[in-house]
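Protein chains in written order, with the numbering used here: chain A, 1 to 100; chain B, 101 to 302. Backbone N, C-alpha and C define an ideal beta-carbon position, used for all residues, glycine too. Predicted, not measured: the structure shown is a model, and the values here were computed from it. Here's the structure we're looking at; comments come further down.
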């Protein structure tokens, strides 16, 4: 029987996985948009984004648009690679049942 | 970790990935209001120029439409994520707006817009092109149907009488701007229903 792959614990968290998946489909996204999509609280969302940032999976940029502060997040190359490897591992664990 | 992770949890993770990637790619902000706004602008300009017989009808109403669109769009777009698809569709409509704002005043000032059939045919063709390109990018059949209506209107306005051509043009505006705009707004509202991921998030 082949060895089962390990799932990356940083990517595995539900909210972190959702954030990486959301960011993989856009070039950049604002904090408020990520909050609306995940319905997470500000504190939890900020904490999970910080973990992703510390892991090097997302990059953050603070800027002003129409004189209002905006925090914009982007998935990094290593974040995209981590998500791809996570999906590959997930499919391997699920076996033929995985249809993605 | 896999030993302790249940099959249900893994399926849950897979579902999150699929749902969130789809959410990210979807332009959640409804742009249906722009179609309704410009439908009203066209009607106002046509009514003013027909009954008021003013050469200022189109420049004034279009200028108000442009200012209103920029003001509302800049507020709405400020919180939207940037996507290649969104930029592509936005570019089509921006290029359409610039083309129309340059072409028609120039034609009008030089007196080459004397035939209303040409005006209606060109406007319909340009709107057909923009709707068609946008529909193909978004794979949106309803918008492609609007493009077909505009293309048919473009041809019909060349052959009909003044009254027939105007009727066709007004009907196309009603269908492709007002009705389609309201439909797009309703479709946009129905999509705004994210499932909370806050529980068990870490």
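Mapping DSSP to helix, strand and coil, what is residue i?
i, result
"residue 181 of chain B", "coil"
"residue 214 of chain B", "coil"
"residue 30 of chain A", "strand"
"residue 132 of chain B", "helix"
"residue 240 of chain B", "coil"
"residue 44 of chain A", "helix"
"residue 8 of chain A", "coil"
"residue 158 of chain B", "helix"
"residue 228 of chain B", "helix"
"residue 190 of chain B", "helix"
"residue 118 of chain B", "helix"
Residue i CB to nearest chain A CB: under 8 Å?
i, result
"residue 116 of chain B", "yes"
"residue 180 of chain B", "yes"
"residue 169 of chain B", "no"
"residue 183 of chain B", "yes"
"residue 194 of chain B", "no"
Confirm, please, whether the CB-CB distance from residue j to residue i is below 8 Å.
i, j, result
"residue 197 of chain B", "residue 166 of chain B", "yes"
"residue 230 of chain B", "residue 132 of chain B", "no"
"residue 258 of chain B", "residue 217 of chain B", "yes"
"residue 237 of chain B", "residue 203 of chain B", "no"
"residue 224 of chain B", "residue 192 of chain B", "no"
"residue 48 of chain A", "residue 15 of chain A", "yes"
Am I right that residue i and residue j are in contact with their C-beta atoms under 8 Å? What's the rounded C-beta distance?
i, j, result
"residue 50 of chain A", "residue 38 of chain A", "Their Cβ separation, rounded to whole angstroms, is 15 Å, which puts residue 50 of chain A and residue 38 of chain A out of contact at 8 Å."
"residue 79 of chain A", "residue 121 of chain B", "At roughly 14 Å, the Cβ-Cβ gap does not stay under 8 Å, so residue 79 of chain A and residue 121 of chain B are not in contact."
"residue 57 of chain A", "residue 84 of chain A", "Contact flag wrong, Cβ pair sits at about 12 Å."
"residue 181 of chain B", "residue 53 of chain A", "Wrong, their Cβ atoms sit about 17 Å apart, outside the cutoff."
Would you say residue i lies against chain B (beta-carbon separation less than 8 Å)?
i, result
"residue 14 of chain A", "yes"
"residue 50 of chain A", "no"
"residue 28 of chain A", "yes"
Which partner residues does residue i have in the DSSP bridge list?
i, result
"residue 61 of chain A", "A:72"
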